[in-house]
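Since the structure comes first, as structure tokens, the remarks are kept for the end.
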Amino acid sequence: MKRTCVIVGAGHRAMAYASHAREHPDRMEVIGVADPVELRRQQAAGMFDLDPANIFSSAEDLAARPKMADFVINGTMDHEHVPTSLPLLRRGYDILLEKPFATNPTEMWDLVETAGETGCKVAICHVLRHAPFYAAIRREVVDGAIGDIININAVEHVSYHHMAVGYVRGKWRRSDQCKSPMLMSKSCHDLDLITWMKSGIAPRRVSSFGSNMQFRPENAPRDSGTRCLVDCPIEGECLYSARKHYLDHPKRWAAYAWSSLEHLESPSIEKMTESLKTSPYGQCVWKTDMNVVDHQSVVIEFEDGATATLNMVGGSAKPLRALHLIGTHGEIQGCLEDDRYVVRHIDPRPGHEFSERTVDLNETGDKTGAHGGHAGGDSRLVGDFLDYLDGNEPSISTTSLEDSVAGHLIGFCAHQSMAENKVVEITMRR
Ligand SMILES: NC(=O)c1ccc[n+]([C@@H]2O[C@H](COP(=O)([O-])OP(=O)(O)OC[C@H]3O[C@@H](n4cnc5c(N)ncnc54)[C@H](O)[C@@H]3O)[C@@H](O)[C@H]2O)c1
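Number 804 in the working numbering belongs to position 121 of the sequence shown; there are no gaps in the numbering.
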């Protein structure tokens, strides 16, 4: 069945999901947009040939009108997710909502309750659940390949250039502005994956440590300036030079680094250079106003006694997401970037120690149809959401709002644990 949708918050995330309509016009049609920024409204209107009557200056404006589409894609920023979603739910819209879907427990429960009262469907953009690598591992767990999970060891290494563009110079560098600490804005996916693997078993308590160790003024190289292209005599030797990160890789983080040039179709290198002299992306990484961590470790205990750890580390040379599950009957270990994992079982026979089965998703055909961002997760997420609306058998990855609560609660409690230096008990209700 073909579904109609309105884009709410026409930033780069919502537009990426909306592009599903161009690839699958038989399943989805974008018929409207709501965004306070005129340029973004125009871009969406041009891309989807929108009727001017269906262009709104905010989610609230859209919600004030009679319902005009089957669902909305809400790609606003973290702290806008709940305030923009509540009136849309009351208007009867199902919602595909970006993560983190709330920035504190109070608004999280407000959203859960309102969705429950209205009966609307809300699915969270936990795109990694839809990546073939994690979906295949979850399938192994559901099929009993390793028995009951005793321990999960999850690792997220955020590369030096990703760390700098998002959390040192970028939009998520101050938790008082974006309202999300780095654990939530970056690794709520990984917390979600942990709770997904333990599905049906509630987390009981959490403990966490972390800090910003690297990106501090006292660590700035001697004689460094405040802006790479303005007053820094050591820019040529610096690993975090804005010239090296952005001008030498102009496409890598274009949506962030060149956001001030969004009005230009293809900005020249001169314009980009000029922008770095004033935009946040030209700041010395040791002298910004960031207040988030650059690394954080989280330890979780589940109600069946299982444990899990997440190590989020920013500033690595290579990006990495690794997962190691140990169960009562075996273990699974792999790394997203390789799209390969191994399943091991005890083998006590003479001359043996363990058996090992390697699953290489590059060879199995499981990646068919998976392309684009988040190891293929972005494109599969929207298709799965449309199936969910149609009432089809949900895919193994489909994330309802209730499913997402446990991972978010762990994140909120981990932040509290780190800030207050104590173990925090998790309550799975308001
Ligand atoms: N799923 C993922 O893996 C993933 C990856 C990156 C970012 N994100 C999340 O996606 C979200 C969006 O990120 P982005 O970089 O695309 O943001 P963005 O700032 O580019 O886009 C947000 C848009 O929302 C609009 N907006 C603000 N208030 C509004 C309102 N009241 N009504 C309608 N529109 C409104 C803004 O004008 C802007 O155009 C963030 O929450 C971010 O954390 C998710």
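Glycine included, every Cβ here is placed at the ideal spot set by N, Cα and C.
For this session: Check whether the Cβ of Gly758 sits closer than 7 Å to any heavy atom of ligand 1, and report yes or no.
Result: yes
Problem set entry | Beta-carbon proximity list for Glu1039, same chain, < 7 Å, skipping 5 on both sides | Val1025, Arg1027
For this session: Note down the Cα distance separating Val805 from Ser907, rounded to an integer number of angstroms.
Result: 48 Å
Problem set entry | Assigned secondary structure, Ser1087 (DSSP; H/G/I helix, E/B strand, else coil) | helix
Problem set entry | Status (buried if at least 16 other CB within 10 Å, exposed otherwise) for Glu901 | exposed
Exercise. What does DSSP give as the partner residues of Gly998 in its beta bridges?
Worked result: Answer is none; Gly998 lacks a bridge partner.
Exercise. If you drop the 5 nearest sequence neighbours on each side, which residues of the same chain put their C-beta closer than 7 Å to that of Ala903?
Worked result: Cys967, Trp969, Lys970
Problem set entry | Range covered by the beta strand (DSSP E) that runs through Ser891 | 886-894
Exercise. Does at least one heavy atom of ligand 1 sit under 7 Å from the Cβ of His845?
Worked result: no
For this session: My understanding is that Ser842 touches Ser980, with C-beta atoms under 8 Å, so please give their C-beta distance in whole angstroms.
Result: Contact flag wrong, Cβ pair sits at about 18 Å.
Exercise. Three or more beta-carbon pairs under 8 Å between the region 984-1002 and the region 831-846, yes or no?
Worked result: yes
Exercise. Can you list, in chain order, the residues of its chain whose CB lies under 7 Å from that of Ala798, leaving out five sequence neighbours each side?
Worked result: Leu772, Val805, Leu1084
For this session: For His762, collect the residues of the same chain with a Cβ closer than 7 Å to its Cβ; drop the 5 residues on either side in sequence, then sort them by chain order.
Result: Thr786, Cys861, Lys862
Exercise. Looking at Pro766 and Ala746, is the spacing between their C-beta atoms short of 8 Å?
Worked result: no
Exercise. If you measure from the CB of Arg856, is any heavy atom of ligand 1 nearer than 7 Å?
Worked result: no
For this session: Return the CA-CA distance between Leu947 and Ile835, expressed in angstroms with no decimal places.
Result: 46 Å
Exercise. Hey, is Arg696 close to ligand 1, as in C-beta under 7 Å from one of its heavy atoms?
Worked result: yes
Exercise. Between which two residues does the beta strand (DSSP E) carrying Cys861 extend?
Worked result: Where Cys861 is concerned, there is no enclosing beta strand (DSSP E), although the alpha helix (DSSP H) it sits in stretches over 858-861.
Exercise. Is the CB-CB distance between Gly1094 and Leu866 below 8 Å?
Worked result: yes
For this session: Check His762 in the structure and name its three-state DSSP category.
Result: helix
For this session: Pull up the CB-CB distance for Ala989 and Lys881, whole angstroms please, since I reckon it's below 8 Å.
Result: 6 Å
Problem set entry | Endpoints, alpha helix (DSSP H) assigned at Thr956 | 952-959
Problem set entry | Gln966 - partner residues in DSSP beta bridges | Arg910
Exercise. Should Ala818 be listed as close to ligand 1, given that the test is whether its C-beta is under 7 Å from any heavy atom?
Worked result: no
For this session: Count the other C-beta atoms from every protein chain shown that fall within 10 angstroms of the C-beta of Asp1131, then say buried if there are 16 or more, exposed otherwise.
Result: As shown, the chain starts at 684 and ends at 1113. That puts residue 1131 outside it, with no answer to give.
Problem set entry | Bounding residues of the alpha helix (DSSP H) (the contiguous stretch that carries Ile877) | 865-880
Problem set entry | Cβ contact (3+ pairs, closer than 8 Å) linking the region 688-705 and the region 1060-1074 | yes
Exercise. Using CA coordinates, which residue listed in Gly830, Cys808, Arg705, Leu1006 is at the minimum distance from Gly1056?
Worked result: Cys808
Exercise. Is it the case that the Cβ atoms of Ile1079 and Cys1096 are separated by a distance below 8 Å?
Worked result: no
For this session: State the start and end residues of the unbroken beta strand (DSSP E) segment that holds Tyr1024.
Result: 1023-1029
Exercise. Hey, is Ser1087 close to ligand 1, as in C-beta under 7 Å from one of its heavy atoms?
Worked result: no
For this session: Going by CA-CA distance only, name the one from Trp936, Arg905, Arg935, Pro933 that's closest to Cys921.
Result: Arg905
Problem set entry | Ser894 to Leu993 span [Cα, whole Å] | 15 Å
Problem set entry | Closest Cα partner of Glu823 within the set Val1106, Leu1008, Asn1075, Gln897 | Leu1008
Exercise. Where DSSP assigns a beta bridge to Cys1018, which residues make up the other side?
Worked result: Ala1005, Arg1023
Problem set entry | Rounded C-alpha distance that separates Lys927 from Met751 | 47 Å
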